[in-house]
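Here the sequence shown stands for residues 24 to 361, numbered as in the working numbering.
In this text, a Cβ means the ideal position worked out from N, Cα and C, and glycines have one as well.
These numbers were taken from a predicted model, which means no experiment stands behind them.
For reference, the structure is listed below as structure tokens.
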Amino acid sequence: MSRSHLFPTDGLVHLADIKPRSNIQILWESQRRRRVHWFSECAAEFFGVFFFVFGGVGSAASYHLNPTNTEGLSSVFQVGMGYAMGVLFAFVVAAQTSGGHFNPGVSIAFVLMRRMSLRKALRYIVAQVLGAYVACLLIYAQYRDIIKATEQALAAAGTLDSVLFTPNGPAGVFAIYVTPGTNLGQVFLNEFVCDFMIGLVIWAVDDPTNFTVSPLAAPWLIAFVYALMVWSYSRVGVSTNSARDVGARLMALTIWGREAGGGPYAAITALTNISATLLAAVFYEAVLADYSRTVTPAHADFMAARLAHDQHGQGLPIVDQTASASTEKVVEGTLERV
24 MSRSHLFPTD
34 GLVHLADIKP
44 RSNIQILWES
54 QRRRRVHWFS
64 ECAAEFFGVF
74 FFVFGGVGSA
84 ASYHLNPTNT
94 EGLSSVFQVG
104 MGYAMGVLFA
114 FVVAAQTSGG
124 HFNPGVSIAF
134 VLMRRMSLRK
144 ALRYIVAQVL
154 GAYVACLLIY
164 AQYRDIIKAT
174 EQALAAAGTL
184 DSVLFTPNGP
194 AGVFAIYVTP
204 GTNLGQVFLN
214 EFVCDFMIGL
224 VIWAVDDPTN
234 FTVSPLAAPW
244 LIAFVYALMV
254 WSYSRVGVST
264 NSARDVGARL
274 MALTIWGREA
284 GGGPYAAITA
294 LTNISATLLA
304 AVFYEAVLAD
314 YSRTVTPAHA
324 DFMAARLAHD
334 QHGQGLPIVD
344 QTASASTEKV
354 VEGTLERV
């Protein structure tokens with residue numbers, strides 16, 4: 024089977040061919056691609072994690088901040104759906120620009136598998152953490168009056184100091200904490216298993232030979248594996264994303280000071296996701312992947328569109344995909360997604 028069949032670029036229509044633009048737009052897009060495309064990619068990663076955190080933590084705020092003790096205000100199901108919808112919106116808005124990592128563990132795994140440079144991964148990770156940080160700051164600003172009312176109610180009951188930096192406290196809406204006396208070994212196991220499972224799903228939907236899932240369905244599956252972990256294992260304590268954890272903890276430190284640091288548990292939530300995601304990637308590639316399988320038609324179309332976009336953006340002619348090894352490198356460079 025030839026590459027001209029797998030990655031047909033003839034006949035593809037570019038947006039520039041059918042939608043008129045001003046000269047300023049044309050000039051800006053040309054300069055952006057050539058000189059500051061890295062900024063567009065980082066902005067996409069920023070907003071991807073922003074959506075993930077804004078949806079999930081915002082829903083958690085509705086769940087935990089309830090000074091009037093109103094029943095039915097929220098639920099763990101709603102929190103899981105908040106994270107899931109955040110993931111979906113992240114992919115819809117930003118994945119086509121950056122590849123849709125939205126997770127430091129994924130970016131680091133791409134580096135180790137030589138699908139991404141270290142410098143680019145570092146930029147992505149900074150943008151991801153910053154996205155979580157800004158999202159949490161905005162949620163705090165939007166919920167500020169309710170947070171203050173909750174703190175006043177806890178202070179009046181004499182429990183503010185003991186509750187503030189726990190899963191049920193105001194700071195626990197943003198940064199992730201465990202209750203005093205919790206077995207950190209059990210928490211580590213819970214975090215590692217959940218993150219490993221998420222990593223497996225990510226690599227499975229990123230596999231272009233996987234006939235059970237198309238590129239269009241991939242965001243939905245990733246969204247719901249995050250929701251599943253929240254629904255099933257959040258009571259034990261689960262972060263699922265190092266950028267979400269570090270960004271939210273930095274926000275808590277900004278608002279409440281050093282006491283919001285989280286102690287030894289902070290290291291578990293910040294680092295376990297990375298190691299578990301790396302192990303999931305290695306396991307999938309070593310045990311489940313098979314490079315003799317054929318690429319699905321849907322994935323071939325997806326890759327052809329990415330290749331045509333890269334060539335069009337660089338002003339390159341559409342090349343014969345059966346040509347040479349140098350062409351294969353161009354194709355491989357377009358496969359970065361999820």
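Between Y200 and G285, the gap from beta carbon to beta carbon is short of 8 angstroms. For R142, the enclosing alpha helix (DSSP H) covers residues 141-165.
Here the segment 275-289 makes contact with the segment 183-197; the two share three or more CB pairs at distances below 8 angstroms.
The three-state reading of DSSP puts V110 in helix, counting H, G and I together. Counting only runs that start and end inside the segment 181-264, the alpha helix (DSSP H) elements of at least 4 residues fall at 183-186, 207-228, 241-256. Annotation for R44: no alpha helix (DSSP H) segment contains it, and DSSP assigns it neither H nor E. Each residue's CA atom was taken as its position, placing G270 and S315 some 41 angstroms apart. Within the model, the alpha-carbon separation for A113 versus V157 is close to 15 angstroms.
Residue burial annotation: F70 is buried, with at least 16 other C-beta atoms found within 10 angstroms of its C-beta. P43 is classed as exposed because its beta carbon has fewer than 16 other beta carbons within 10 Å across all chains shown. Annotated as distal: I291 and Y249, with beta-carbon spacing of 8 angstroms or more. T295 is not a Cβ neighbour of T232, given a cutoff of 8 angstroms. Excluding residues up to 5 positions away in sequence, L183, V186 lie with their Cβ nearer than 6 angstroms to the Cβ of L177 in the same chain. A residue is called buried once 16 or more other Cβ atoms fall within 10 Å of its Cβ, and S257 is buried on that count. Within the same chain, A155, A158, R267 come within 6 angstroms of V76 by CB-CB distance, once the 5 residues on both sides are set aside.
Scanning V310, A304, L161 for the CA closest to the CA of A84 turns up L161.
8 angstroms or more divides the Cβ of A321 from the Cβ of S255. In the displayed model, V318 falls within coil according to three-state DSSP, outside both helix and strand. Under the 10 Å beta carbon count, M136 is surrounded by fewer than 16 other beta carbons and is classified as exposed. Beta-carbon to beta-carbon, T300 and G128 are separated by about 3 angstroms, close enough to satisfy the 8 angstroms threshold.
When DSSP states are grouped into helix, strand and coil, V134 belongs to the helix group. Q209 and V261 have their C-alpha atoms some 11 angstroms from each other. Secondary structure of S97 (DSSP, three-state): coil.
The criterion of a C-beta distance shorter than 8 angstroms is not satisfied by I245 and V259. Linking A172 to L153 through their CA atoms gives a straight-line distance of about 28 angstroms. Residue nearest to Q175 within the set D313, M139, L88 is L88 (criterion: CA-CA distance). Here N126 carries a coil assignment [DSSP, helix/strand/coil].
Around the C-beta of N46, fewer than 16 other C-beta atoms lie within 10 Å, and the residue is accordingly described as exposed. Taking C-alpha positions only, H332 is separated from I169 by approximately 47 angstroms. If you check the CB distance, G123 and G79 do not come in under 8 angstroms. Apart from the 5 residues on each side of it in sequence, T120 sits with its Cβ closer than 7 angstroms to the Cβ of S63, E64, A67 in its chain, given in chain order. Boundaries cannot be given for A312, as no alpha helix (DSSP H) includes it and DSSP labels it neither H nor E.
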